[in-house]
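Participant: Below are the structure tokens for one structure; questions will follow.
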Ligand code: ADP
Ligand code: MG
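Numbering (my numbering), first residue to last: 185 to 562.
Here it is in structure tokens:
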């Protein structure tokens with residue numbers, strides 16, 4: 185058993201006075217390209233990363249849920265039939281929300297004891313929330329003897345996030361945490377929900393730089409952007425911006441037009457990036473990343489001065505291929521594709537210059553593409 189898993193099993197035993205039965209683990213994700221396109225039924229290209237949230241679980245004989253966040257040193261205790269939203273918010277809403285979504289599908293859940301811990305940075309745009317949801321749903325289903333496909337688990341988790349966390353996210357985060365493949369990016373068509381594994385070129389590393397400007401998605405303009413996109417689609421008489429084209433957008437008022445232009449051009453960039461990754465075409469990747477960032481900054485207005493600085497610093501750093509804002513925006517991280525041999529130097533150079541210029545504690549994460557959620561015996 186890896187050291188982190190053994191540590192979680194020990195924390196579980198100390199909390200619940202018996203051993204866990206299963207451990208489920210799900211990864212965070214970084215989106216290579218395709219930002220704010222998922223809820224517009226467009227294309228995205230995330231990678232599941234080697235940062236995970238793990239949930240240790242054991243079934244109970246009654247219908248109680250005794251949950252324990254190791255990282256927050258906090259507990260929650262409720263009955264399955266009253267899995268209501270927790271007014272204090274935080275991690276408890278994800279636990280209650282996932283259980284609610286599964287119960288709402290009439291699944292025969294058992295009461296459970298569970299402990300949670302993880303190393304996906306929280307609130308940084310690397311989707312620790314979806315990692316938590318997928319690990320939780322995998323753990324609870326295993327403890328209840330319920331078999332569900334990772335895809336179905338992900339759809340339940342998305343409902344939980346909508347209802348309980350108040351973030352109107354698309355399907356990208358939950359699909360990446362459920363369906364990611366080692367060594368690959370996951371192309372998702374968010375309209376048909378078809379997916380495709382896109383092998384990453386060898387010799388290319390993923391470096392994430394955390395601006396350490398925290399985001400709280402439910403309170404940021406994320407949901408506002410979502411509404412603006414829906415309004416733009418409605419004004420064009422379309423079900424979603426997926427089917428819009430650039431010529432139609434000119435008829436929209438300035439703000440909505442710029443939001444829609446980002447979505448339409450970003451969808452085209454995802455398709456081009458998928459092909460460029462397959463061909464190992466670094467020059468095209470560089471151009472697409474730069475265009476995506478500029479579009480998020482100028483048309484979608486989802487960047488911040490700190491994130492723009494990180495992208496600017498990356499552009500001149502050793503081994504850089506592409507750099508852009510990743511995740512919902514308004515803080516969070518940049519994703520950088522870098523020549524593998526120079527990745528360490530790249531990450532250190534960008535993060536240290538950023539710290540010097542901003543006094544923020546910027547940090548580089550060096551990531552590998554890994555498989556999605558898995559459950560094993562504890
Ligand atoms: P992101 O998904 O970008 O990391 P969110 O705000 O969507 O940011 O989700 C972060 C929230 O998810 C945290 O505030 C916490 O409630 C929950 N969470 C994530 N990881 C853990 C963990 N290891 N233990 C408990 N709760 C977690
Ligand atoms: Mg999240």
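For every residue, glycine included, the Cβ atom is placed at its ideal position computed from N, Cα and C.
Is any heavy atom of the ligand MG found at a distance shorter than 8 Å from the C-beta of residue 353?
Facilitator: Yes, the Cβ of residue 353 comes within 8 Å of a heavy atom of the ligand MG.
Participant: Measure the C-alpha to C-alpha separation of residue 220 and residue 437 and round it to an integer number of angstroms.
Facilitator: Answer to the nearest angstrom: the Cα atoms are 20 Å apart.
Participant: Under 9 Å between the Cβ atoms of residue 314 and residue 374?
Facilitator: No.
Participant: Just how far apart, CA to CA, sit residue 238 and residue 435?
Facilitator: Approximately 48 Å between the Cα atoms of the pair.
Participant: Below 8 Å on the Cβ atoms is my contact criterion, and I expect residue 304 with residue 365 to pass it. Report the Cβ-Cβ distance as a whole number of Å.
Facilitator: So it is not a contact: roughly 18 Å between Cβ atoms.
Participant: If you draw a straight line from the alpha carbon of residue 361 to that of residue 197, how long is it in whole angstroms?
Facilitator: One C-alpha to the other measures close to 27 Å.
Participant: From residue 411 to residue 425, what distance separates their C-alpha atoms?
Facilitator: Between residue 411 and residue 425, the C-alpha separation is close to 12 Å.
Participant: Identify whether residue 331 lies in helix, strand or coil by the three-state DSSP scheme.
Facilitator: Three-state result, residue 331: coil.
Participant: So does residue 301 have its beta carbon nearer than 8 Å to some heavy atom of the ligand MG?
Facilitator: Incorrect: residue 301 has no Cβ contact closer than 8 Å to the ligand MG.
Participant: Just checking residue 618 against the ligand ADP - is the residue's beta carbon closer than 8 Å to any of the ligand's heavy atoms?
Facilitator: Missing from the structure shown is residue 618; the chain here goes from 185 to 562 and no further.
Participant: On the criterion of 16 or more Cβ atoms from any shown chain inside 10 Å, does residue 356 qualify as buried, or is it exposed?
Facilitator: By the 10 Å Cβ count, residue 356 comes out buried.
Participant: Is the beta carbon of residue 557 closer than 9 Å to that of residue 292?
Facilitator: No, the pair does not count as a contact, with Cβ atoms beyond the cut-off.
Participant: Identify every residue that forms a DSSP beta bridge with residue 558.
Facilitator: In the DSSP output, where bridge partners are listed per residue, residue 558 has 209.
Participant: According to the neighbour-count rule (16 or more other Cβ atoms, all chains shown, within 10 Å of its Cβ), is residue 429 buried or exposed?
Facilitator: Classification for residue 429: exposed.
Participant: Taking 6 Å as the limit between beta carbons, can you name the residues of its chain near residue 251, skipping five residues before and five after?
Facilitator: Taken in chain order, the residues that qualify are 260, 279 and 298.
Participant: Would residue 472 pass as a contact of residue 382 if the rule is Cβ separation under 9 Å?
Facilitator: The answer is no: Cβ separation not under 9 Å.
Participant: I'd like to confirm the pairing. Which residues does DSSP put opposite residue 547 in its beta bridges?
Facilitator: DSSP output for residue 547 lists 394 as bridge partner(s).
Participant: Do you know whose CA, among 433, 205 and 368, lies nearest residue 326's CA?
Facilitator: Of the listed residues, the one whose Cα sits closest to residue 326 is 205.
Participant: Could you tell me the alpha carbon to alpha carbon distance between residue 533 and residue 523, rounded to whole angstroms?
Facilitator: Between residue 533 and residue 523, the C-alpha separation is close to 14 Å.
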